[in-house]
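Each protein sequence line maps, in turn, to chains A and B.
When the letters of the first sequence are read in order and numbered with our numbering, they come out as residues 147 to 553.
When the letters of the second sequence are read in order and numbered with our numbering, they come out as residues 147 to 553.
Note that CB positions come from ideal geometry on N, CA and C, so glycine has one too.
What follows is a short report on a single structure.
There are 2 protein chains.
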Amino acid sequence: MKKPNIVILGAGYGGMMTAVKLQKNIGVNDANVTLVNKHSYHYQTTWLHENAAGTLHHDRTRIPIKDVIDTSKIKLIQDTVLEIKPSEKRVLLEDGEVTYDYLVISLGFEAATFGIQGLKEHAFTIGSINSARLIRQHIEYNFAKYNTEPDKKPERLNIVVGGAGFTGIEFVGELANRVPDLCREYDIPRDQVRIICVEAAPTALPGFDPQLVEYAMNSLEARGVEFKLSAMIKEVTENKLVFEKDDQREEIGTNTVVWAAGVRGNSIVEESGFEANRGRIPVREDLRPEGYDDVFIVGDCALVMNEEAERPYPPTAQIAIQEAEHTAGNLERLIKGERHLEPFVADLKGTVASLGDSDAIGVVFDDKKLYGWSATAMKKVIDNRYLLKLGGIGLVLKKGKLNFFHF
Amino acid sequence: MKKPNIVILGAGYGGMMTAVKLQKNIGVNDANVTLVNKHSYHYQTTWLHENAAGTLHHDRTRIPIKDVIDTSKIKLIQDTVLEIKPSEKRVLLEDGEVTYDYLVISLGFEAATFGIQGLKEHAFTIGSINSARLIRQHIEYNFAKYNTEPDKKPERLNIVVGGAGFTGIEFVGELANRVPDLCREYDIPRDQVRIICVEAAPTALPGFDPQLVEYAMNSLEARGVEFKLSAMIKEVTENKLVFEKDDQREEIGTNTVVWAAGVRGNSIVEESGFEANRGRIPVREDLRPEGYDDVFIVGDCALVMNEEAERPYPPTAQIAIQEAEHTAGNLERLIKGERHLEPFVADLKGTVASLGDSDAIGVVFDDKKLYGWSATAMKKVIDNRYLLKLGGIGLVLKKGKLNFFHF
Numbered sequence: 147m148k149k150p151n152i153v154i155l156g157a158g159y160g161g162m163m164t165a166v167k168l169q170k171n172i173g174v175n176d177a178n179v180t181l182v183n184k185h186s187y188h189y190q191t192t193w194l195h196e197n198a199a200g201t202l203h204h205d206r207t208r209i210p211i212k213d214v215i216d217t218s219k220i221k222l223i224q225d226t227v228l229e230i231k232p233s234e235k236r237v238l239l240e241d242g243e244v245t246y247d248y249l250v251i252s253l254g255f256e257a258a259t260f261g262i263q264g265l266k267e268h269a270f271t272i273g274s275i276n277s278a279r280l281i282r283q284h285i286e287y288n289f290a291k292y293n294t295e296p297d298k299k300p301e302r303l304n305i306v307v308g309g310a311g312f313t314g315i316e317f318v319g320e321l322a323n324r325v326p327d328l329c330r331e332y333d334i335p336r337d338q339v340r341i342i343c344v345e346a347a348p349t350a351l352p353g354f355d356p357q358l359v360e361y362a363m364n365s366l367e368a369r370g371v372e373f374k375l376s377a378m379i380k381e382v383t384e385n386k387l388v389f390e391k392d393d394q395r396e397e398i399g400t401n402t403v404v405w406a407a408g409v410r411g412n413s414i415v416e417e418s419g420f421e422a423n424r425g426r427i428p429v430r431e432d433l434r435p436e437g438y439d440d441v442f443i444v445g446d447c448a449l450v451m452n453e454e455a456e457r458p459y460p461p462t463a464q465i466a467i468q469e470a471e472h473t474a475g476n477l478e479r480l481i482k483g484e485r486h487l488e489p490f491v492a493d494l495k496g497t498v499a500s501l502g503d504s505d506a507i508g509v510v511f512d513d514k515k516l517y518g519w520s521a522t523a524m525k526k527v528i529d530n531r532y533l534l535k536l537g538g539i540g541l542v543l544k545k546g547k548l549n550f551f552h553f
Numbered sequence: 147m148k149k150p151n152i153v154i155l156g157a158g159y160g161g162m163m164t165a166v167k168l169q170k171n172i173g174v175n176d177a178n179v180t181l182v183n184k185h186s187y188h189y190q191t192t193w194l195h196e197n198a199a200g201t202l203h204h205d206r207t208r209i210p211i212k213d214v215i216d217t218s219k220i221k222l223i224q225d226t227v228l229e230i231k232p233s234e235k236r237v238l239l240e241d242g243e244v245t246y247d248y249l250v251i252s253l254g255f256e257a258a259t260f261g262i263q264g265l266k267e268h269a270f271t272i273g274s275i276n277s278a279r280l281i282r283q284h285i286e287y288n289f290a291k292y293n294t295e296p297d298k299k300p301e302r303l304n305i306v307v308g309g310a311g312f313t314g315i316e317f318v319g320e321l322a323n324r325v326p327d328l329c330r331e332y333d334i335p336r337d338q339v340r341i342i343c344v345e346a347a348p349t350a351l352p353g354f355d356p357q358l359v360e361y362a363m364n365s366l367e368a369r370g371v372e373f374k375l376s377a378m379i380k381e382v383t384e385n386k387l388v389f390e391k392d393d394q395r396e397e398i399g400t401n402t403v404v405w406a407a408g409v410r411g412n413s414i415v416e417e418s419g420f421e422a423n424r425g426r427i428p429v430r431e432d433l434r435p436e437g438y439d440d441v442f443i444v445g446d447c448a449l450v451m452n453e454e455a456e457r458p459y460p461p462t463a464q465i466a467i468q469e470a471e472h473t474a475g476n477l478e479r480l481i482k483g484e485r486h487l488e489p490f491v492a493d494l495k496g497t498v499a500s501l502g503d504s505d506a507i508g509v510v511f512d513d514k515k516l517y518g519w520s521a522t523a524m525k526k527v528i529d530n531r532y533l534l535k536l537g538g539i540g541l542v543l544k545k546g547k548l549n550f551f552h553f
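Listed below in structure tokens is the structure:
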């Protein structure tokens with residue numbers, strides 16, 4: 147009997163965790179497992195905002211895939227996915243193709259720009275090591291230019307973040323900590339720099355406990371962050387952002403808009419013919435899309451209903467990791483010839499949003515609220531737990547966040 | 147009797163050394179001394195190419211003026227000189243004015259662009275902390291962008307230096323050492339980056355001993371520097387440089403052109419009515435321009451004839467420092483009522499050009515040639531000797547180049 151080919155597309159949280167679980171639990175005689183990824187490294191998407199702000203080096207955020215994956219057990223292909231052809235069980239890559247018996251699609255997210263004029267062209271998004279590094283350098287470049295121009299341009303020093311959701315808040319928290327260092331480096335008075343967070347909802351962190359939201363806003367405002375709430379972004383150009391608030395049109399001169407207000411699944415999946423709902427593919431309770439019994443979708447590309455809350459689970463790392471572990475288990479069942487797959491049920495452990503290196507807010511377990519040091523510590527525990535799962539204690543020591551007592 | 151007002155314009159090598167000597171040798175009852183400078187800091191122009199390449203932080207290169215100047219003896223004015231009115235003994239500043247009895251003009255250099263098309267708009271020059279820092283960031287920004295664009299643009303990774311004279315050679319030496327680090331930081335293969343030095347003369351370092359020139363070119367070429375000799379730059383645009391060589395027109399795609407092939411005196415001096423020769427003011431043997439007995443010009447703005455060689459002294463830090471020390475002595479004579487001023491005679495000690503942190507070439511004393519480690523060590527000795535003169539051993543320990551055994 148021919149060994150089945152399992153192909154995993156993407157080495158983000160979902161793809162990596164699927165591969166690591168398969169590597170641990172199935173033998174090389176049971177299946178051929180192939181992991182396809184654009185880069186030679188995996189990165190922790192939830193740390194990228196720190197790389198973008200310049201508060202953490204991106205080499206802390208990324209991990210060479212070979213440090214975790216045993217290439218005598220799993221075949222690595224470094225290539226870019228162009229299209230999936232599910233009817234032919236093939237995946238077209240930039241430099242070749244792979245065929246599969248079982249496919250795991252874990253291709254992550256891309257920015258959802260909701261058709262806002264100029265956003266795609268002129269705003270940055272925090273989506274990869276490359277894009278985070280570019281944001282860091284873009285900000286520095288504008289700071290470096292500021293003092294070389296006879297007519298000082300405030301737009302070089304105004305950093306606008308679109309969205310006060312989870313990512314937007316975490317990013318402005320890092321920026322608030324980074325800006326004083328940038329001011330020293332480039333001889334710029336702190337009061338000439340603005341960090342402005344523009345949010346369409348009437349509150350920051352919509353959905354979070356109001357008491358924690360207030361704590362977060364106070365912490366950030368004390369460090370100079372300005373909030374524009376109930377403000378709809380209308381247009382972004384090379385040197386300004388236009389928004390509407392209380393039926394008034396306002397403009398902010400800025401060369402730096404970072405869009406952190408919406409993600410959708412990787413458009414390759416939709417373009418490959420899978421039926422999508424706002425870029426995410428609705429899946430059955432075993433994470434397979436309707437009509438495709440040989441395809442699993444995990445992470446940000448999957449639309450998984452939380453039956454209890456009557457809405458989809460949010461696209462978080464926590465869920466992606468759980469989906470991956472679950473899918474690895476179901477793949478084991480399939481290659482052993484079992485027909486019954488287990489349904490996925492998420493185990494929501496809580497959420498912690500950092501507000502820079504030494505402050506955070508969060509809700510864990512049964513609505514227990516955390517803020518300040520305890521939330522910061524919890525955030526680091528969560529991050530380290532992932533590294534432990536992925537690569538053991540060695541990886542935690544190498545890449546983990548171990549400075550619990552840093553203030 | 148009214149105390150005379152001595153005003154020094156510019157706190158570069160010439161202005162600082164004049165001020166330090168006066169501070170040491172004349173009493174507060176003898177004269178009022180005022181030092182006017184754009185920034186609150188002095189910087190070592192001869193180290194700026196390292197800041198621009200990113201191999202040395204600019205805070206090593208600059209020194210707060212107040213660390214060296216005793217403000218109970220010398221008045222500091224942080225302001226920008228707009229115009230000198232010698233007939234009225236006044237200097238107009240951006241935020242005020244000063245009047246003088248004796249004026250020392252030490253306003254440094256600016257780039258001479260020889261009318262090359264687009265050079266002024268699109269090329270960088272290494273002239274100040276601000277401009278050096280911008281070059282560093284400009285290069286990094288282009289490296290950061292390279293991997294984020296689907297169509298890779300080689301012009302982001304081509305760095306062109308105009309001029310293989312002293313500054314050009316020292317700068318490419320630093321770049322050659324810096325580029326491997328930049329490649330690691332931005333995930334770019336080293337062989338995709340080009341450092342190209344374009345020189346109009348048929349040799350690098352025209353005027354230097356041919357044996358040393360060969361040593362320098364070998365050292366730099368071994369680290370990947372390309373030379374285009376006998377090549378006249380014709381035009382610079384945002385993304386290319388055009389030059390002519392052997393009657394052929396050639397283009398290099400590049401976003402980064404650094405012009406290091408010519409300097410002239412600060413144009414404020416010429417615009418204030420002093421008669422200039424290519425931007426430098428011819429002075430008498432006591433460093434006063436013809437017709438102005440109350441004005442001394444030191445450093446790059448002064449055109450001082452080397453009678454022996456029958457040509458002007460080059461605009462170097464060494465000469466500026468000697469002119470400054472000499473002028474401080476003549477000012478002492480004037481305020482003591484002496485009419486006879488001493489003529490300036492330069493004491494040429496030699497020249498050392500660094501080729502990066504661990505290689506150099508030079509000629510010292512009576513045509514003794516140096517290269518490699520001994521030249522590197524000599525270069526550091528020269529730099530430290532200046533700091534010693536300026537601010538004593540404390541300043542040498544704080545800002546000096548003490549890593550003699552770094553390879």
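Given that residue i touches chain A, what residues does it touch there, using C-beta distances under 7 Å?
i         : result
Asn183(B) : Here the premise fails: no neighbours, minimum Cβ distance about 14 Å.
Gln283(B) : Glu286, Tyr287, Ala290
Could one say the Cβ of residue i lies closer than 9 Å to chain A's Cβ atoms, at least one of them?
i         : result
Thr294(B) : yes
Gln263(B) : no
Ile209(B) : no
Asp333(B) : yes
Asn323(B) : no
Does any C-beta atom of chain B lie closer than 9 Å to the C-beta of residue i?
i         : result
Leu280(A) : yes
Ser277(A) : yes
Classify residue i as buried or exposed, calling it buried when 16 or more other Cβ atoms lie within 10 Å of its own Cβ.
i         : result
Gly200(A) : buried
Leu387(A) : buried
Ile465(A) : buried
Phe255(A) : buried
Met162(B) : buried
Thr259(B) : buried
Phe511(A) : exposed
Val450(B) : buried
Ile275(A) : buried
Arg485(B) : exposed
Phe442(B) : buried
Met378(A) : exposed
Glu320(A) : buried
Quick test of your reading: residue i and residue j, contact by CB under 8 Å. State the CB separation rounded to the nearest angstrom.
i         : j         : result
Val227(A) : Leu155(A) : 5 Å
Val415(A) : Leu253(A) : 6 Å
Phe270(B) : Val382(B) : Not confirmed; about 10 Å, so no contact.
Gly425(B) : Gly437(B) : In fact, because the Cβ distance is near 19 Å, the residues do not count as touching under 8 Å.
Lys219(A) : Gln169(A) : 5 Å
Val318(A) : Val371(A) : 5 Å
Per DSSP, which residues does residue i bridge with? Please list them.
i         : result
Asn304(B) : Arg340(B)
Ser418(B) : DSSP, once it has assigned bridges, lists no residue as partnering Ser418(B).
Leu249(A) : Val153(A), Val441(A)
Glu396(A) : Phe389(A)
Gly242(B) : Leu239(B)
Ile230(A) : Val237(A)
Lys514(B) : Val510(B)
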